Each structure stands twice: as structure tokens, then as C-alpha cells.
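Step one of this worksheet: look at the structure below.
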Amino acid sequence: MTSGRRARGSRLAGVLAAAALLGAGASAYESDQYSNRLVDLPDSIEVLDARVNDALAEVAAEWRGPEERWQFARKVYWKLGGLHWVDHIERWAMDSDQVAKLPQRKHDSIFSGAPMHVTRVNWFFGVGPTLRLAGSFVGSDKLGHFFSQGIKYYASHLLGWGDDHVLGRGRFNERWLFGQLTTSVYSNADLVANYEGYRFYRSLYEEGIVPGKGPIVAFRDGRAEILRP
């Protein structure tokens, strides 16, 4: 085997191993967008956008070396996701005064009164906070799905999986550890967040993932440059 083939094989093995490891980082509780749906909640999309842009700028400023798309994506993931029950950006949104949340008590929700064998994880931990993003109520767990599940989809893409295979894996996971098995809820919204996270990681480098927009990152002379927010 040539050195070039060994290097490519090593990178693919690293992607595969990391994809398995990254499986540990995902939220497994639900939220409640119904109980307080008439509350006039400020939109936090600009605050969250700024947080993500800051993370991208930090990763780019620290980058030294050739173009390594997977490694750069992993560094973004470690800034915003991570191997935690609650991802970094999700925890930040939950705790930050800059991000408005519905006045939701963890154990006073649409799940209240349901037995433990039905609500499962929610029976112990309650529901997660709800934010308003781009005009819609969104559970804070969707931030975790976006960054932590999205990168697993992206890792599968780099291994050569087609989108149908990638999405099928997402549906399988939603039935098991990251969804129905632990919360009794099969959430299409979780799957949408996973897929949009996957598109985010691809949009770091590919043109047209966001229609009409180019890639976010370029590599030049051993450095990384942010081309657009």
C-alpha cells in the first residue's frame, strides 16, 4: 500500500471510529411547545447565530495546517456539541439571560400525570426549555440534535453513504436510544434538526447547500478563513 493510500485509509478509519464515539452525545428528553404557546416570547435567532459564528471564528483562528474538512468539522462540534447529555450550545442557551425561554416548569407540562413507563426519561428529568427561533417555538434539545447528530450524518456522508442510507440511520436511531426508546416519543422534528445539522457541516465547504450561498470556510496557506457568516 502506498503512503497516500495509507493516509486515506487512516483518515477513513478515523472518521468511522469518531462516528461511533460521537454517538454518545445526544439529548434524550423532550420539550413542551404547547402549554405556554400564547406567550409572546422574543426571538433568539440572532443571539444563537452570533454564538455559532463566534465558535466558527475561534476554530478558524486556531487552525494551522492543510485542508482537513473532517478535522475542522470535529473542532466545530467540540465547541458547540460534545459528549454530554446536554451539548455545549444547548447548555449555554438554557443558562443564558440573552436567550428567552418559555416560563416552563420541568414537571408541569403536557406530560404531567402520565405514568413513568410512558414518559420514561421525562418522568425523572422533566421537559427541556423552549426557545423561539426564526418565528417558531423550538425545544432546546434541537440544538443538540443539530450539532451532535448532524455530525454523525456528515461522518457517514464522508464514508460514502448516500442520503437515503444516512436518513435511514437517523430514523432507526430515533426509534431507539435517541428517541422513542427513552422518551416514548418518535419526533420528526428531531430528524429535521439532525438533517439540517448535516447540511450545516456540508455547507462549511460546499457551494449551494444553502441556496444561493457559497461555502463558509476556505483553506489557504495553512490557515482557515471564514468567508461568510
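Its first residue numbered 2, the sequence shown is counted upward by one per residue in this note's numbering.
C-beta atoms are modelled at their ideal positions from N, C-alpha and C, and glycine is treated no differently.
Here the structure is a predicted model, which means the values were calculated and not measured.
Please list, in chain order, all residues of the same chain as residue 209 whose beta carbon is under 6 Å from its beta carbon, the five residues on each side excluded. none
Range of the contiguous alpha helix (DSSP H) that encloses residue 152: 151-159
8 Å Cβ shell around residue 48 - same chain, five flanking residues per side excluded: 97, 99, 100
Can you look up residue 227 in the DSSP assignment and give me helix, strand or coil? strand
Note down, in chain order, each residue of its chain lying with its Cβ closer than 6 Å to the Cβ of residue 199, except the 5 sequence neighbours on either side. 151, 154, 155
Applying the 10 Å Cβ sphere with the 16-neighbour rule, what's the burial state of residue 56? Its Cβ being crowded by 16 or more others within 10 Å, residue 56 is buried.
Below 8 Å on the Cβ atoms is my guess for residue 171 versus residue 195; work out the distance and round it to an integer in Å. 5 Å
Leaving out the 5 sequence neighbours to the left and right, which residues in its chain are closer than 7 Å to residue 54 when beta-carbon positions are compared? 230
Cα-Cα, which of 226, 221, 197, 222 is closest to residue 211? Considering only 226, 221, 197, 222, the residue with the shortest C-alpha distance to residue 211 is 197.
Leaving aside the five residues before and after residue 76 along the sequence, list all residues of the same chain whose C-beta is less than 7 Å from its C-beta, in chain order. 60
Under the assumption that residue 144 contacts residue 37 (Cβ atoms under 8 Å), give the Cβ distance between them as a whole number of angstroms. Not a contact, Cβ separation roughly 19 Å.
Per-residue burial, residue 35 [other beta carbons within 10 Å of its own, 16 or more giving buried]: exposed
Rounded C-alpha distance that separates residue 43 from residue 78: 27 Å
Secondary structure of residue 261, DSSP reduced to three states: This structure gives no information on residue 261, because the portion of the chain shown stretches from 2 to 230.
In the DSSP assignment, find the alpha helix (DSSP H) that holds residue 171 and state where it starts and stops. 164-176
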